[in-house]
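Numbering (the working numbering), first residue to last: 1440 to 1696.
Glycine included, each C-beta is placed from N, C-alpha and C at the ideal position.
As the structure is a prediction and not an experimental result, all values here were calculated from the model.
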């Protein structure tokens, strides 16, 4: 059974402590893909919810001070249960507050994978990379960034972009599926973090689980964008959510046609 089929067979429950701007899009996208979303950010229940989940996603997109303890507690509960924790350090270098939050999470929680754009991950290993708000700008050695993050934090690094680069520090793999319209949709990267978390709940090699996630995500985007009814990001989104529910073989056939 491949990674995508295994996710759909088990319907993993993914606990999201995530960006409030994208909660609805993330929940619908994960449901289409085959996972089960739950969004519980209150400190009073974060640990209990994580203890019953199959994976935890920590996304700092709209984080505030009150949410940080809940993220830490959910992450620690996941560590105790041996379930994956994915960190999405959105705009980590944009403000000192975001930098401090990510540093605290990385100190106190064992992270299975860190997913972000090149600028976000470069800043985690003191590699200079231009950033505007939460968006990556400019160019550099993405492989160096991925390998540096993986080794420094003993984690899986997933650097997203025109070419996605995944590294464990020992093995490096790349993915080139995707479509430019993804960059025009708020929360496209956040939803990918959710799907990545779901894929990491399966059996197998982490690099291959992550590769399956980004490759499928990119194929779904290509398939959706090829629909004649898609004229921009607004018409792309519903087609994309539909495509996330399809089989990989269907996406590949549709894209070739």
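Presumed contact (8 Å Cβ cut-off) between residue i and residue j, rounded CB distance
i	j	result
residue 1487	residue 1454	Going by Cβ atoms, the distance from residue 1487 to residue 1454 rounds to 10 Å, so no, they are not a contact pair.
residue 1476	residue 1665	Actually they do not touch by this definition, with Cβ atoms about 27 Å apart.
residue 1552	residue 1485	With 8 Å as the limit, residue 1552 and residue 1485 do not qualify as a contact, their Cβ atoms being about 20 Å apart.
residue 1502	residue 1540	6 Å
residue 1656	residue 1631	5 Å
residue 1643	residue 1442	7 Å
As assigned by DSSP and simplified to three states, the class of residue i
i	result
residue 1540	helix
residue 1523	coil
residue 1514	helix
residue 1503	coil
residue 1683	coil
residue 1555	strand
residue 1495	strand
Spatial distance of residue i from residue j (CA atoms)
i	j	result
residue 1638	residue 1670	31 Å
residue 1449	residue 1640	9 Å
residue 1522	residue 1494	5 Å
residue 1585	residue 1496	19 Å
residue 1469	residue 1659	13 Å
residue 1653	residue 1597	9 Å
residue 1582	residue 1604	7 Å
residue 1462	residue 1527	14 Å
residue 1686	residue 1535	42 Å
residue 1457	residue 1440	30 Å
residue 1465	residue 1627	8 Å
residue 1506	residue 1514	12 Å
Contact set for residue i: own chain, Cβ-Cβ below 6 Å, skip 5 residues either direction
i	result
residue 1517	1489, 1495, 1524
residue 1564	1587, 1588, 1591
residue 1478	1455, 1462
residue 1684	1471
residue 1618	1660, 1661, 1664
residue 1678	1663, 1666, 1669
Same chain, Cβ closer than 7 Å to residue i, neighbours up to 5 away in sequence not counted
i	result
residue 1689	none
residue 1510	1456, 1497, 1544
residue 1725	Outside the modelled stretch of the chain, which goes from 1440 to 1696, sits residue 1725, for which no answer is possible.
residue 1635	1525, 1552, 1554, 1597, 1649, 1652
residue 1550	1524, 1526, 1592, 1594
residue 1623	1672
Beta strand (DSSP E) runs wholly inside the region 1570-1638, at least 3 long, in chain order:
The DSSP assignment places complete beta strand (DSSP E) segments of no fewer than 3 residues inside the region 1570-1638 at 1595-1599, 1603-1606, 1611-1614, in order along the chain.
Unbroken alpha helix (DSSP H) runs of length 4 or more, entirely within the region 1440-1492: which are they?
Segments of the alpha helix (DSSP H) lying fully in the region 1440-1492: 1442-1449, 1462-1472, 1482-1490.
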